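Trainee: Below is the structure I would like to discuss, written out as structure tokens.
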Amino acid sequence: MNAVVVREGETKPTVIEKPRPEPGEGEVLVRTLRVGIDGTDHEVINGGHGRFPDGSNHLVLGHEAVGVVEDPNGTRFEEGDVVVPTVRRPPNGTNDYFERGEADMAPDGEYVERGIVGAHGFMSEYFTSPEESLVDLPRERAQLGFLVEPISISEKAFEHAFAARSAFEWDPESALVLGNGSLGLLTLAMLEASDRFERTYCLGRRSRPDPTIDLIEELGGTYIDSRETPVSAIPGEYESMDFVYEATGYAKHAFDTVEALAPNGVGALLGVPGDWEFEVDGGRIHRELVLHNKALVGSVNSNVRHFQAAVDRLEALPEWFYDDLVTGIYGLDDLDAAFADDDSTIKTAVEFSRI
Ligand code: NAP
Ligand code: BGC
Ligand code: ZN
């Protein structure tokens with residue numbers, strides 16, 4: 001079968017031939033429909049994040065998959081069921097985090113991530129997955145199923161961030177998303193659809209005309225250009241924010257978020273930056289957090305519960321949004337377009353087969 005890989009020493013995806021996987025006990029064989037691409041895939045390809053599976057000189061890419069059950073192999077599934085796989089797997093047999101269904105909370109060494117950290121991903125014609133790591137998707141949603149994984153990332157981040165405000169009566173009015181990549185835009189759409197916030201904002205570093213700025217405004221958000229208004233200046237220029245969701249991977253934004261937050265606000269940090277040393281006013285940040293009851297929550301990955309919530313959320317977002325967000329679905333003969341990193345590309349997926 002064909003698989004899209006990045007090989008050791010290379011920074012460009014390639015198609016190679018690999019044997020079709022055989023499902024082991026408790027595993028399902030899935031025929032891949034589509035696999036989405038996000039900023040993490042670019043980081044993996046460029047060597048900034050993740051690692052190859054032990055003993056392998058290549059990594060099959062892809063962690064945002066949707067497929068059709070080809071061989072249920074004695075599991076609860078039936079042939080033809082549409083499924084979405086979660087990303088993390090236990091490295092050597094199971095462990096407490098996986099037993100509890102909380103693989104997303106596992107520390108380093110207690111998990112691998114398919115297509116990212118130490119395990120081959122889903123960007124191949126077929127993949128196998130343990131039954132418990134597959135989530136059902138209504139058949140009519142199959143085409144957009146590759147968005148379930150990124151939506152689940154924000155389901156988890158919202159859950160953890162809002163839980164940090166659950167000890168008092170929190171009535172947020174404003175939300176700011178840092179980053180107009182696919183994760184930032186999906187999250188802005190989720191915040192809008194939740195009807196919880198009166199004012200929403202999304203930060204980028206682009207000039208008009210730009211399709212992401214159009215999308216932000218169509219969603220009802222206000223675009224903020226970080227070149228004109230750095231995050232720390234947002235309270236003076238606009239207002240301070242009750243909720244900030246960081247999806248730029250720009251390390252200074254973690255600290256600037258504290259400045260942008262209103263008293264009692266919470267910031268969720270999602271970006272995965274590389275090492276970068278810079279100066280911050282640590283005293284001020286510490287004081288801001290304490291004297292204004294602010295919280296910062298880091299969040300990574302997501303579990304089956306978040307995937308199930310994401311399946312429901314997929315229904316709740318407007319169709320026009322998906323039409324604008326997904327800028328291309330490409331076959332294996334057009335990987336350059338699928339992995340393009342230009343301003344006209346928002347969200348793309350590689351298509352392996354049709355339902
Ligand atoms: P992406 O497509 O690379 O989006 C990042 C966006 O942030 C880009 O649109 C970029 O703008 C913008 N940006 C970067 N620095 C900026 C700055 N200083 N001011 C304004 N805008 C800035 O990535 P993504 O897929 O949306 O993901 C976002 C981040 O979340 C990545 O770091 C990714 O690794 C991480 N992530 C984390 C998780 C998790 O579980 N924690 C899950 C998924 C993704 P330009 O395009 O104009 O350069
Ligand atoms: C994936 C997560 C993963 C994270 C860190 C994200 O892009 O969506 O599942 O845990 O990267 O590797
Ligand atoms: Zn991702």
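Residue numbers (the working numbering): 1 to 355.
For each residue, glycine too, the CB sits at the ideal point set by N, CA and C.
Every value quoted in this text rests on a predicted model; they were computed, and no experiment measured them.
With the cut-off set at 9 Å, would you say Val-148 and Phe-307 are in Cβ contact?
Mentor: yes
Trainee: Of the residues Phe-321, Leu-261 and Ser-174, which one's Cα is nearest the Cα of Asp-195?
Mentor: From the listed residues Phe-321, Leu-261 and Ser-174, the smallest Cα separation to Asp-195 is found for Ser-174.
Trainee: Please confirm whether any heavy atom of the ligand BGC lies closer than 8 Å to the CB of Pro-150.
Mentor: yes
Trainee: Among the candidates Val-297, Gly-271, Phe-278 and Glu-277, whose CA atom is the shortest distance from the CA of Leu-261?
Mentor: Val-297
Trainee: Quick one: is the Cβ of Ile-153 within less than 8 Å of any heavy atom of the ligand ZN?
Mentor: yes
Trainee: Note down, in chain order, each residue of its chain lying with its Cβ closer than 7 Å to the Cβ of Ser-129, except the 5 sequence neighbours on either side.
Mentor: Glu-27, Val-28, Val-30 and Pro-85
Trainee: Tell me which same chain residues have a C-beta within less than 6 Å of the C-beta of Pro-90, skipping the five on either side of it?
Mentor: Phe-98
Trainee: Taking C-beta to C-beta, are Leu-36 and Phe-146 nearer than 9 Å?
Mentor: One point to set straight first is that residue 36 is Gly, not Leu, in the sequence displayed. Yes, these two residues count as a Cβ contact at 9 Å.
Trainee: With 16 as the cutoff for other CB atoms within 10 Å, does Glu-290 come out buried or exposed?
Mentor: Sequence check: residue 290 is Val here, not Glu. Exposed is the call here.
Trainee: Relative to the C-alpha of Asn-293, which candidate in Asp-312, Phe-168 and Gly-47 has its C-alpha closest?
Mentor: Phe-168
Trainee: At what residue ranges does the stretch 265-327 contain a whole run of the alpha helix (DSSP H), taking only runs of 4 or more?
Mentor: As for any alpha helix (DSSP H) of minimum length 4 sitting wholly inside the stretch 265-327, the runs are 282-291, 304-316 and 319-325, ordered along the chain.
Trainee: Identify whether His-58 lies in helix, strand or coil by the three-state DSSP scheme.
Mentor: The answer is strand: DSSP assigns His-58 an E or B state.
Trainee: With a threshold of 6 Å on Cβ separation, who are the neighbours of Asn-264 within its own chain once the five nearest residues in sequence on each side are excluded?
Mentor: Asn-293
Trainee: Listed by chain order, which residues have C-beta atoms less than 6 Å from any heavy atom of the ligand NAP?
Mentor: Those residues having their beta-carbon less than 6 Å away from any non-hydrogen atom of the ligand NAP are, in chain order, Asp-38, Gly-39, Thr-40, Glu-43, Ile-153, Gly-179, Asn-180, Gly-181, Ser-182, Leu-183, Gly-184, Leu-203, Gly-204, Arg-205, Arg-206, Ser-226, Ala-247, Thr-248, Gly-249, Tyr-250, Leu-270, Gly-271, Val-272, Ser-299, Val-300 and Asn-301.
Trainee: Is the beta carbon of Gly-115 less than 9 Å from the beta carbon of Met-105?
Mentor: no
Trainee: Do the stretch 245-256 and the stretch 220-235 meet, that is, are 3 or more Cβ pairs less than 8 Å apart?
Mentor: yes
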